[in-house]
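Residue numbers (my numbering): 280 to 699.
Don't be surprised by glycine CBs; every beta carbon is placed ideally from N, CA and C.
Quick caveat, the model's predicted, so the values are computed rather than measured.
First the structure, in the form of structure tokens, and then the observations on it.
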């Protein structure tokens, strides 16, 4: 579960006991990242996808024990996370970031609830797990003071980031169309207000953005040019993400808001303005990197839009091949070779080939015909088949830990098609 992540603490915290009435086994650790918690829970070896009272008990113990340690260590006071009345300015979400845990309980007569009957409903199990985890975690913190301090300091950073992000979100929302602050100045909006038929193109660069504006169907297609590579959100704290003007522009253009006091990562899509968000970048390595950065933003902060099927990638052509009056756009080297064989008798010199290095090399008619026209274009829909695998992929490819990324590149370099 922690493959590709750098561990924060020196060892796995592990407990196995039946002293509180039901057998409980828990393994947990923290990594240095600030992604969502990863909890895998089981009852009688059955995976409880909707969690239940055993997970509730675990979270209660985690929050209680770490809060107590943080209070007694005076670290919160030093970080100015205690208000004038002595209340700690941390909440349960601050303890979740970077957490990975596996929880397994054995229950004689389990009561399953939820739509898929994979949520444990036995109320007494919450207390059993709470006691077992509380005792084991307290002992671990006492025996490993350096790890205890590292966890609490991570919680402090998460709390500070949450507070800063809340302030940044308030700033974004004040400037958003929902608050009357207007749409981003660079957005060329469409005329239709029916989100189901509207498309937003996120375009690499002002030059290509200008061509796209000229070539689009302005009734249903909106254009938002992006200035270069956006922030890599996999490496950035939440408040830094919302400090980015380019990212704020994307949120404002979409009409979505993110984060509440209860859940700093909840997404509100009730006023989403487009049901197709299309990433349109150059067909080169830099363009692929920009597309990956944008997908990382959506996966980490707007995953619901991917899950609803709203995110797409445009596929501009690589070549324009000509022979006499015959012109064909080509998306692959194989297609180009077929054109050479058919119209040039296999002689590459017998045809004319234009290699498109960037979107800006096409005029508005060409861009419309090849990449934007709903009747003729090819879009690749971004989907999530396996959330855990996707989470691992983004962490490995876009995160801070270099070693797993280097290993991936070494293993897959022979499959790469790099147009240098």
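Query                                                                                                                                                                            : Result
Is the separation between the beta-carbon of residue 431 and that of residue 354 shorter than 9 Å?                                                                               : yes
Quick one: residues in its chain with C-beta nearer than 6 Å to the C-beta of residue 601, no 5 flanking neighbours on either side, listed in chain order?                       : 631
Run the CB neighbour count on residue 498, radius 10 Å, all protein chains shown included, and call it buried at 16 or more, exposed below.                                      : exposed
Can you give the beta carbon distance from residue 302 to residue 385, rounded, assuming they're within the 8 Å contact cut?                                                     : 4 Å
Would residue 444 and residue 518 be called neighbours here (beta carbons separated by less than 9 Å)?                                                                           : yes
What residue range does the beta strand (DSSP E) around residue 420 cover?                                                                                                       : That residue, residue 420, is in no beta strand (DSSP E); its alpha helix (DSSP H) goes 402–422.
Kindly indicate which three-state DSSP category residue 549 falls into: helix, strand or coil?                                                                                   : coil
With residue 334 as the anchor, note down where its alpha helix (DSSP H) starts and where it stops.                                                                              : 332–352
Between which residues of its own chain and residue 500 is the CB-CB distance below 6 Å, once the five residues before and five after are set aside?                             : 469, 478
Drop a sphere of 10 angstroms on the beta-carbon of residue 291, count the other beta-carbons inside from all chains shown, and report buried for 16 or more, exposed for fewer. : exposed
Can you say whether residue 383 is buried or exposed, counting buried as having 16 or more other CB atoms within 10 angstroms of its CB?                                         : buried
Report the start-end ranges of each beta strand (DSSP E) in the region 588–646 that is 3 residues or longer and not cut off at the edges.                                        : 590–593, 598–602, 605–609, 631–634
Along the chain, which unbroken stretches of the beta strand (DSSP E) at least 3 residues long are found entirely within the region 293–325?                                     : 303–309, 317–322
I need the straight-line Cα distance from residue 560 to residue 475, nearest angstrom please.                                                                                   : 23 Å
Which same chain residues end up closer than 7 Å to residue 609 when comparing Cβ atoms and leaving out the 5 residues on each side of it in sequence?                           : 596, 597, 598, 600, 615, 618
Is the number of C-beta pairs between the region 398–405 and the region 331–342 that are closer than 8 Å three or more?                                                          : yes
Between which two residues does the alpha helix (DSSP H) holding residue 576 run?                                                                                                : 564–580
Going by Cα to Cα distance, which pick from 340, 621, 516 is closest to residue 603?                                                                                             : 621
Could you name each continuous alpha helix (DSSP H) segment of 4 residues or more that falls completely within the region 484–539, going from the start of the chain to the end? : 485–494, 517–522, 524–533
When you compare only the Cα positions, how much space is there between residue 637 and residue 563?                                                                             : 8 Å
Span of the beta strand (DSSP E) holding residue 555?                                                                                                                            : 555–559
What does DSSP give as the partner residue(s) for residue 660 in the beta ladder?                                                                                                : 591
Just to confirm my understanding: we take residue 456, look at its own chain, exclude 5 residues before and 5 after, and list those with CB closer than 7 Å. What are they?      : With a pLDDT of only 43 at residue 456, under 50, the local geometry of the prediction cannot be trusted, and the value read off the model is given with reservation. Counting only Cβ-Cβ distances below 7 Å, and skipping sequence neighbours, we find 462, 531, 534.
Check the C-beta distance from residue 434 over to residue 373 and give it rounded, since I have them as a contact under 8 Å.                                                    : 5 Å
Using a 10 Å radius around the Cβ and a threshold of 16 neighbouring Cβ atoms, would you call residue 645 buried or exposed?                                                     : buried
Give the DSSP-derived three-state secondary structure of residue 382 in the structure shown.                                                                                     : strand
For residue 359, count neighbouring Cβ atoms within 10 angstroms of its own Cβ and tell me buried if that reaches 16, exposed if not.                                            : exposed
Contact check, residue 412 vs residue 294 under 8 Å by CB: the rounded distance?                                                                                                 : 7 Å
Taking DSSP as the reference, what is the three-state secondary structure of residue 433?                                                                                        : helix
Would residue 481 and residue 420 be called neighbours here (beta carbons separated by less than 9 Å)?                                                                           : no
Please state if the CB of residue 410 and the CB of residue 299 are separated by a distance shorter than 9 Å.                                                                    : yes
Use the C-beta contact count for residue 288: other C-beta atoms within 10 angstroms, 16 or more gives buried, fewer gives exposed.                                              : buried
Please tell me whether residue 251 and residue 591 are closer than 9 Å, where the distance is taken between their beta carbons.                                                  : There is simply no residue 251 to check, as the chain begins at 280 and stops at 699 in what is shown.
By alpha-carbon positions, which one of 613, 585, 369 ends up nearest to residue 627?                                                                                            : 613
In this structure, how does DSSP classify residue 287 when only helix, strand and coil are distinguished?                                                                        : coil
Does DSSP put residue 479 in a helix, a strand or coil?                                                                                                                          : strand
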